[in-house]
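Below: one structure, written as structure tokens.
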């Protein structure tokens, strides 16, 4: 169950980051393909011409991080759906009413209390 929730969260975060910040990273591809020059935009200065390879590298790193979030979420979902990791508990580590070790330890301590 935990892996399923983590997977859904990671995929959601990946798409939210892509949706909110992705628009500014698309401009590098359009600028380099259409005009051959790229510009760095800021609010207080006029656009400054920069090398397109730096802007495309930033775009690639951004999309790599987003794809990393989404892939980690998918892996977590697959692991959560498989669900067998939760059943791989050693018998001596199990606790609860169905565990024979716990019942035998409690009965031994009850017998020693009776004496």
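In this note's numbering, the protein residues as written are 3 to 117.
All C-beta atoms, glycine included, are put in the ideal place defined by N, C-alpha and C.
Classified as exposed, residue 7 has fewer than 16 neighbouring CB atoms from the shown chains inside 10 Å of its CB. About 30 Å separates the beta carbon of residue 54 from that of residue 74, a gap too long to meet the 8 Å contact definition. Per DSSP, reduced to three states, the secondary structure at residue 42 is strand. Residue 78 sits away from residue 16, with the two beta carbons spaced by 8 Å or more. Under DSSP, residue 51 takes part in a beta bridge, and its partners are 41. Taking the C-beta atoms as reference points, residue 39 is found nearer than 8 Å to residue 33. By the CB criterion at 8 Å, residue 52 and residue 36 fall outside the cutoff. Under the three-state reduction of DSSP output, residue 69 falls in the helix class. In the same chain as residue 27, and ignoring 5 residues on each side of it, the C-beta atoms closer than 8 Å to its own belong to 60, 61, 64, 65, in chain order. Taking C-alpha positions only, residue 82 is separated from residue 20 by approximately 24 Å.
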